[in-house]
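J.: Just dropping this structure here.
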Amino acid sequence: MKITHRRQFLHLAAGVAALPAVSRVAWAQAYPARPVRLVVGAPAGGATDIFARLAGQWLSERLGQPAVIENRPGAAGNIATEAVVRSQPDGYTLLVVAPPVAINATLYENLSFNFLRDTTPIASIVGVPLVMQVNSSFPTKTVQEFIAYSKANSTNMASGGNGTAAHVAGELFKMMTGVNMVHVPYRGGAPAVTDLLGGQVQVMFGPMPESIEYIKTGKLRALAVTSATRSETLPDVPSVGEIVRGYEASSWFGVVAPKNTPAVIVERLNKEINAALADAQVRQRLAVLGGTALALSPAGFAKLLSEETDKWAKVVKFSGAKPD
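When the count follows the numbering used here, it moves up by one through the sequence shown with no breaks and lands on 1052 for the last residue.
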């Protein structure tokens, strides 16, 4: 090849190699050109929906396009997850996730998708402890007293359904303490809290946003929070881990996209969500709901999702839980 021809070839090759990078930059600048859907696999009013709407508000403000919340409850969130993993990986259909996506990987044997394989982590939003709570008339005021009582008497443990975070948090407590608790699944957290308030069930490892007002008004008694450390929202309430060494069962919420979503869009969304989480007013709003801002990179959130999937697989197998 003559030197001049070779130089022309190398120049053209360099230009071709640069095209994808230019295209990616243009794509990032154009995104989003229309509303973004945030799909929630839970009914309106629950913890996942609450945090989805907060995230939607931040994204709408920062992206300059509406972030529309779409509730698609059913099958413990699997209906919503399948809809998102089957959608176009263009950044316009996102899934708001919580512990059930990690739990379902073991709880359901014949899923048509593999969550870890078929999604692209974008960003975490918040970490929220569950609260080990009892009716205010229940005769135990500490975790130690509850363990002793439940070893001598059968107690009923409420949850929003088989495989929910509240369910497996209670099963982990049973596994680590040997207490006698009978699981009573409800169709959603709200009816479970209602029966806990009425004394039909004795204990619940419930999401803090759904019960914090009942705790503050004395209608429910918080025995402990399930995070590794105490919660700033309930600073006088111990963590379960202070009594049961090694126990931890926090909830977390975040956003994922279908696999193969362009990295430049993932990075843009991660940047905007983390920028919102750095805002003092946003952090205060999360704190009122019992949460702590959880700003991770896409890789950091992927690591959390993988670790949670492995952790809850052991608990699901121990409990013998089956889907509703």
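Note that beta-carbon positions come from the ideal geometry of N, C-alpha and C, so glycine has one too.
Please identify the residue among Thr945, Leu782, Ala897, Gln816 whose C-alpha is closest to the C-alpha of Met968.
T.: The amino acid at residue 968 is misidentified as Met; the sequence shows Val. The shortest C-alpha separation from Val968 is found at Ala897.
J.: Which complete beta strand (DSSP E) runs does the stretch 931 to 960 hold, if anything under 3 residues is left out?
T.: Whole beta strand (DSSP E) segments, 3+ residues: 931 to 935, 948 to 953.
J.: So what does DSSP say about Ala1008, is it helix, strand or coil?
T.: Helix at Ala1008.
J.: Is the number of C-beta pairs between the stretch 830 to 842 and the stretch 997 to 1014 that are closer than 8 Å three or more?
T.: At 8 Å Cβ cutoff, the stretches do not touch.
J.: Whole-angstrom Cβ separation of Gly794 and Pro827, contact assumed at under 8 Å?
T.: The amino acid at residue 794 is misidentified as Gly; the sequence shows Pro. Their Cβ separation, rounded to whole angstroms, is 28 Å, which puts Pro794 and Pro827 out of contact at 8 Å.
J.: To the nearest angstrom, how far is it from the Cα of Ile778 to the Cα of Asn1002?
T.: Taking the straight line from one Cα to the other gives about 18 Å.
J.: Which term fits Glu941, buried or exposed, when burial requires 16 or more other beta carbons within 10 angstroms of its beta carbon?
T.: Per the 10 Å Cβ criterion, exposed.
J.: Helix, strand or coil: which one does DSSP assign to Phe981?
T.: Strand, per DSSP.
J.: Who are the near neighbours of Ile831 in its chain, counting only those whose CB is closer than 7 Å to its CB and skipping five residues on each side?
T.: The answer, listed in chain order, is Gly891, Val896, Trp1040, Val1044.
J.: Count Cβ pairs between the stretch 799 to 812 and the stretch 942 to 962 that sit closer than 8 Å; are there 3 or more?
T.: Flag = no, the stretch 799 to 812 and the stretch 942 to 962 do not touch.
J.: What's the C-alpha gap between Phe874 and Thr868?
T.: Their Cα atoms are separated by approximately 6 Å.
J.: Quick check on the burial criterion: 16 or more other C-beta atoms within 10 angstroms. Buried or exposed for Val842?
T.: One detail in the question is off: residue 842 reads as Asn in this sequence, not Val. So Asn842 ends up on the exposed side.
J.: Just to confirm, is the Cβ distance from Gln930 to Asn884 under 8 Å?
T.: In contact: Gln930 and Asn884 (Cβ atoms closer than 8 Å).
J.: Within the continuous beta strand (DSSP E) that includes Gln793, where are the two ends?
T.: From DSSP, Gln793 is part of no beta strand (DSSP E); its letter is neither H nor E.
J.: Which residue wins for smallest C-alpha separation from Glu798, given the options Leu1005, Glu938, Leu766?
T.: Nearest of Leu1005, Glu938, Leu766 to Glu798, Cα basis: Leu766.
J.: Could you give the DSSP three-state label for Thr989: helix, strand or coil?
T.: Coil at Thr989, not helix or strand.
J.: Please state the DSSP three-state secondary structure of Leu1017.
T.: Reduced to three states, the DSSP call for Leu1017 is coil.
J.: Closest by CA to Lys1031, which one among Glu1000, Ile850, Ala886?
T.: If we check each option's Cα against that of Lys1031, Ile850 comes out closest.
J.: Looking at the strands, I want to know which residues DSSP matches up with His911.
T.: Answer is Met885, bridged to His911.
J.: Which term fits Gly792, buried or exposed, when burial requires 16 or more other beta carbons within 10 angstroms of its beta carbon?
T.: Label assigned to Gly792: exposed.
J.: Buried or exposed for Gln928, going by 16 or more other Cβ atoms inside 10 Å?
T.: Exposed is the call here.
J.: In chain order, what residues of the same chain lie with their CB nearer than 6 Å to the CB of Ser1047, ignoring the 5 residues before and after it?
T.: Around Ser1047: Glu899.
J.: State the Cα-Cα distance for the pair Gly1018 and Pro817, rounded to the nearest angstrom.
T.: So the alpha carbons of these two residues sit roughly 33 Å apart.
J.: What are the start and end residues of the alpha helix (DSSP H) that includes Gly898?
T.: It spans 893 to 905 - the alpha helix (DSSP H) in which Gly898 sits, taken as one unbroken run.
J.: What three-state label does DSSP hand Gly1028 in the structure shown?
T.: In this structure, Gly1028 counts as helix in the three-state DSSP scheme.
J.: Pop quiz: Gln861 and Ala956 are said to be a contact at Cβ under 8 Å. What is the actual Cβ separation, rounded to whole angstroms?
T.: Wrong, their Cβ atoms sit about 18 Å apart, outside the cutoff.
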